[in-house]
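Engineer:
In our numbering, the protein residues as written are 5 to 305.
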């Protein structure tokens, strides 16, 4: 998300409800929340890990977090992967002690291989896949999952000297990385997309990237989705949360038409109370909501 201080939930289980079904108010098993709801965190190093916050998440019944595993923070010397000083061993150990699983976002470029916000050539793709495989060998077989990049359809998260977001280049990155992950962690779930899916007219009209639906159509037209297990969307919006059902169905229609009926889930979603007119670290085009409305929407997501 362009302003990542938004309160965001990672709903990384396929969302099947429609607004009509929601109106029926079906009985929900007590353990459903823990099985389907996670929280996005931003622990990039050992010194940034807030153990108390993680403990509170576990106590609240959340069963997993979604956190960046940034390539450049792990591989600072070509071919050498440091999971200790980068803090990720500590993060994994802490989460596992609390019973929290992790959806790792394998993301962003590495200046050792050229671009810092994209992977645009075969050397970079091979190096990224080797990094991903090293992470999967280290943490695989323990219930964690692997997501390839974050919001590759936004220029803020995928840009290079050659241009902005490119779904074909992203598909090639998936083509190289997914088999490496599968070999290193055969039982680990491989997730792709992480697309900012809503508001495509604002994304494209404002020159912020490629609208999520169009980006997904291009990726789905390749064969790379046969290599993965799930597609995630980021369902940020300006309307009430029930409107997300439309975006989810649109994504399913795209996948079904391409012959890849994969599960579709939400990896980020939230409503910010921060004033969008003066963001500290980027452009935020989503209007702020009051804390009361945020709480109301959160309960309905």
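Note that CB positions come from ideal geometry on N, CA and C, so glycine has one too.
1) With a threshold of 16 other CB atoms inside 10 Å of the CB of residue 115, please say whether the residue is buried or exposed.
2) Residue 207 lies in the alpha helix (DSSP H); which residues open and close that run?
3) Give the secondary structure of residue 75 by DSSP, where H, G and I count as helix, E and B as strand, and everything else as coil.
4) When DSSP labels each residue in this structure, what does residue 178 get in the three-state scheme?
5) From residue 58 to residue 41, what distance separates their C-alpha atoms?
6) Three Cβ pairs or more, each shorter than 8 Å: is that satisfied between the region 203-211 and the region 77-90?
7) How long is the line joining the alpha carbons of residue 150 and residue 112, rounded to whole angstroms?
8) Assign residue 26 to one of two classes, buried (16 or more other C-beta atoms within 10 Å of its C-beta) or exposed (fewer than that).
9) From this set, 64, 109, 52 and 107, which residue's C-alpha is nearest residue 90's C-alpha?
10) Measure the alpha-carbon distance for residue 215 versus residue 197 and round it to whole angstroms.
11) What is the C-beta distance between residue 96 and residue 174, in whole angstroms, given that I count them as a contact (C-beta under 8 Å)?
12) Quick one: what's got a C-beta closer than 7 Å to residue 290's C-beta in the same chain, skipping five residues either side?
13) Output the boundary residues of the beta strand (DSSP E) element that contains residue 111.
14) Please give the ranges of any beta strand (DSSP E) in the region 204-255, keeping only runs that are unbroken, at least 3 residues long and fully inside the region.
15) Going by alpha carbons, who is nearest to residue 190 out of 203, 141 and 67?
16) What residue range is occupied by the uninterrupted beta strand (DSSP E) comprising residue 96?
17) For residue 178, which residues of its own chain have a beta-carbon under 6 Å away from its beta-carbon, when the five flanking residues on both sides are left out?
18) For residue 143, which residues from the same chain have a beta carbon less than 7 Å from its beta carbon, with the 5 sequence-adjacent residues on both sides left out?
19) Roughly how many angstroms lie between the CA atoms of residue 86 and residue 296, to the nearest whole one?
20) Going by the DSSP bridge assignment, what does residue 199 pair with across the sheet?
21) With a threshold of 8 Å on Cβ separation, who are the neighbours of residue 28 within its own chain once the five nearest residues in sequence on each side are excluded?
22) What would DSSP say about residue 292, mapped onto helix, strand or coil?
23) In the structure shown, what three-state DSSP assignment does residue 303 receive?
Structural biologist: Result, derived from the coordinates:
1) exposed
2) 204-209
3) helix
4) helix
5) 14 Å
6) no
7) 14 Å
8) Unreliable placement is indicated for residue 26, whose pLDDT of 38 sits below 50; the coordinate value is still reported in the next sentence. The residue is exposed, with fewer than 16 neighbouring Cβ atoms inside 10 Å.
9) 52
10) 12 Å
11) Actually they do not touch by this definition, with Cβ atoms about 27 Å apart.
12) 240, 242, 276 and 280
13) 105-111
14) 234-238
15) 141
16) Premise fails: residue 96 lies in the alpha helix (DSSP H), 92-102, not in any beta strand (DSSP E).
17) 152, 196 and 228
18) 96
19) 43 Å
20) 237
21) Only weak support is given to the placement of residue 28: the predicted model assigns it a pLDDT of 46, under 50, and the question is left unresolved by the model.
22) coil
23) helix
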